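> Counting the sequence shown from 1 gives a position; my numbering is that position plus 105. Ideal Cβ placement from N, Cα and C applies to all residues, glycine included. Keep in mind the model is a prediction, meaning the values are calculated, not measured. What follows is a single structure, and I will ask about it in a moment.
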Amino acid sequence: MLDVPAIRRDFPILDQTVYGKPLVYLDSAATTQVPECVIARVAEQYRTGNGNVHRAAHRMASLATDALEEARKRVAAFVNAPDEDCIVFTRGATEALNTVAGGLRESIGPGNAVVATQLEHHSNFVPWQQLCRERGADFLCARIDGAGDIDLNDLARVLERRPKVVAVTACSNVTGAATPIKRIARMAHDAGALLVVDGAQAMRHGVVDVQDMECDFFAFSGHKMCAGTGIGALYGAREALERLAPCEFGGEMVDKVTLAETTYSALPLRLEAGTPNYMGAVALRAAMDYLEQLGRTEIAAYEDELVRHAVDSLARLDGVRILGSPKRRCGCVSFVAEGAHPFDLCALVDKMGVALRSGHNCAQPAMEAFGVAGAARLSPAFYNTHEEIDAAVACIDRALRMLRAGRETR
Ligand code: PLP
């Protein structure tokens, strides 16, 4: 069991008031907070070993290079990649997914198809849609069912086109639906497609094992797993990574440059043009150490409990509709309320100290499936408490009453 009071001491940011009210931070699907040990590890690196990575003979550069390469090994172990050369550092999930879409551009053309799902965040939807538009290929979308799960029959239907790629999220940032990745991997591979998994929301929800998932690519962001912004990674199975042409060119990714031509470095550096955010990688490694030390399955089980608590409490509020009822919901719950715009609701609860997110959450196709333009989203992390869920739901109830009363007097 997690010692939540002790964990909260690792996150001093949580111990403050906003607008005179205790902060209740329930927007961790957008960004998680960063524990002291990660901040300290970054500060220590800046104090003792900062330089530009690779190719320098001096001590500071080699300390920075070691830090980057140790982090790469850590990431590989965390997701159970076969080796660290399968890990490409990126700014986050978005850059990782664009690296795959852009890297495959020469292999996709007229007559080909790419499949995404209606559950995708825009970052695993738009790059594919755009690629298809540019290359004259067909962009197909598998629908979601009424519960907000991917409709596997509809997926089977679009797979009949034998697409080159299937792009799917491991966990929705709208409904929290965890998708049956292994099953989808088999379906995609039977259809001859590469499977690209958006793991941005999945990294905190149990152990991620990219080999067990049988995915070809897996993308994630550090800031959704306590590492801060500007760092993420792309895992690729070796044969799949070999198929990616670089999209960015410059230093670090080249082997030999002459007036006539350029040859590229081996993987993974070939896909990491320019000076990498090695300090972000240091933070990511520290965050992974921290999460592992707490226990990844324990974190997931406790977060599931918090989400269940939130769903049950929100469902009891008058006129509140929860988006979807997926088979397994992890990390977040989105909802709309009669007589209250999600933005007004979230702005009002913010004044009560409660941080929620409102809007389409970069998932307009999913919102459209639910017949709404936007929603409010509550997303706890392992540093939240059941008392905070109660406090937030009480504030939501109060805000809804205020907004509805305001409407009546208008
Ligand atoms: N995929 C999902 C499911 C997300 O929730 C997000 C961010 O909210 C992303 C991708 C994009 O992540 P980033 O903006 O860190 O690249």
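Just to confirm the assignment: which complete alpha helix (DSSP H) runs, minimum length 4, are found wholly within the region 350-435?
Runs found: 383-399 and 401-420.
> Can you check which of these residues, Pro-285, Ala-242 and Pro-110, is closest to Leu-260 by C-alpha distance?
With distances taken between Cα atoms, Leu-260 lies closest to Pro-285.
> Could you check where the alpha helix (DSSP H) with Thr-222 kicks off and where it finishes?
Premise fails: Thr-222 lies in the beta strand (DSSP E), 218-222, not in any alpha helix (DSSP H).
> Hey, how far is the Cα of Leu-339 from the Cα of Glu-357?
So the alpha carbons of these two residues sit roughly 17 angstroms apart.
> By a C-beta neighbour count over all protein chains shown, 10 Å radius and 16 as the cutoff for buried, is Glu-403 buried or exposed?
Per the 10 Å Cβ criterion, exposed.
> How should Ala-332 be labelled, buried or exposed, when 16 other C-beta atoms within 10 angstroms of its C-beta is the threshold for buried?
Classification of Ala-332: buried, given that the 10 Å Cβ count is 16 or more.
> At 4 residues or longer, what runs of the alpha helix (DSSP H) sit wholly inside the region 126-151?
Whole alpha helix (DSSP H) segments, 4+ residues: zero.
> Return yes when the C-beta of Val-306 is under 8 angstroms from any heavy atom of ligand 1, and no when it is not.
Per the sequence presented here, residue 306 reads as Gln, with Val not at that position. Within the cutoff, so yes.
> By DSSP, does Ile-192 sit in helix, in strand, or in coil?
The answer is strand: DSSP assigns Ile-192 an E or B state.
> Tell me which residue opens and which closes the beta strand (DSSP E) that Ala-275 is part of.
Taken as a continuous stretch (DSSP letters only), Ala-275 belongs to no beta strand (DSSP E), as it is neither H nor E.
> To the nearest angstrom, report how far apart Arg-160 and Cys-437 are at their CA atoms.
If you take the alpha carbons of Arg-160 and Cys-437, they lie about 44 angstroms apart.
> DSSP beta-bridge partners for Val-184?
None; Val-184 has no bridge partner.
> If distances are taken between C-alpha atoms only, which option among Glu-265, Ala-252 and Glu-239 comes closest to Cys-246?
The residue with the shortest Cα to Cα distance from Cys-246 is Glu-265.
> Can you list, in chain order, the residues of its chain whose CB lies under 6 angstroms from that of Thr-368, leaving out five sequence neighbours each side?
Result list for Thr-368: Asp-360 and Lys-361, in chain order.
> Quick one: what does DSSP say Asp-58 is sitting in, helix, strand or coil?
Because the chain spans 106 through 515 in this model, residue 58 falls outside it and cannot be assessed.
> When every heavy atom of ligand 1 is checked, does at least one fall within less than 8 angstroms of the C-beta of His-465?
Every heavy atom of ligand 1 is 8 angstroms or more from the Cβ of His-465, so no.
> One question on the structure: do Ala-298 and Phe-230 come within less than 9 angstroms of each other, judged by their Cβ atoms?
No, the Cβ-Cβ distance between Ala-298 and Phe-230 is not below 9 angstroms.
> Helix, strand or coil for Leu-264? Go by DSSP, reduced to three states.
If DSSP states are grouped into helix, strand and coil, Leu-264 belongs with the helices.
> Within a Cβ cutoff of 7 angstroms, which residues of the same chain sit near Gly-479, ignoring the five residues on either side of it in sequence?
For Gly-479, where only same-chain residues beyond five positions count, the Cβ hits under 7 angstroms are Pro-447, Ser-463, Gly-464, His-465 and Met-472.
> What residues in its chain sit with their C-beta under 6 angstroms from that of Leu-508, if we drop five residues either side in the sequence?
For Leu-508, where only same-chain residues beyond five positions count, the Cβ hits under 6 angstroms are Ala-445 and Asp-449.
> Following a CB-centred definition, is Ser-277 positioned closer than 8 angstroms to any heavy atom of ligand 1?
Answer for Ser-277: yes, Cβ within range of ligand 1.
> Which class does Gly-251 belong to by DSSP, given the choice of helix, strand or coil?
Gly-251 falls in the coil class under three-state DSSP.
> Could you tell me whether any non-hydrogen atom of ligand 1 is closer than 8 angstroms to the CB of Ser-326?
At least one heavy atom of ligand 1 is nearer than 8 angstroms to the Cβ of Ser-326, so yes.
> On the three-state DSSP scale, how would you describe Ser-482?
In the sequence as presented, Ser is not what sits at residue 482; that position holds Arg. Here Arg-482 sits in strand by DSSP.
> If you check the beta carbons only, do Glu-408 and Cys-451 fall under 9 angstroms apart?
No; because the gap between Cβ atoms is not below 9 angstroms, this pair is not in contact.
> Could you spell out where the beta strand (DSSP E) holding Leu-339 opens and where it closes?
It spans 337-341 - the beta strand (DSSP E) in which Leu-339 sits, taken as one unbroken run.
> Should Val-433 be counted as a contact of ligand 1 given a C-beta to heavy atom distance under 8 angstroms?
According to the sequence displayed, residue 433 carries Arg and not Val. Answer for Arg-433: no, Cβ out of range of ligand 1.
> Going by beta carbon distance, what residues of the same chain come within less than 7 angstroms of Ala-186, once the five residues before and after it are set aside?
Within the same chain, Ala-186 has close Cβ partners Ile-192, Val-315 and Tyr-340.
> List the endpoints of the continuous alpha helix (DSSP H) containing Phe-448.
Run containing Phe-448: 447-455, per the alpha helix (DSSP H) assignment.
> Return the first residue and the last residue of the beta strand (DSSP E) that Arg-462 is part of.
Segment 462-464, the beta strand (DSSP E) holding Arg-462.
> Please check the pair Val-477 and Arg-146, which I expect to be a contact at CB under 8 angstroms, by giving their CB distance rounded to whole angstroms.
So it is not a contact: roughly 41 angstroms between Cβ atoms.
> If I follow the unbroken alpha helix (DSSP H) through Val-109, where does it start and stop?
Segment 109-114, the alpha helix (DSSP H) holding Val-109.
> With distances taken Cα to Cα, identify the nearest neighbour of Arg-177 among Thr-280, Leu-372, Asp-132 and Ala-206.
Comparing Cα positions, the closest option is Leu-372.
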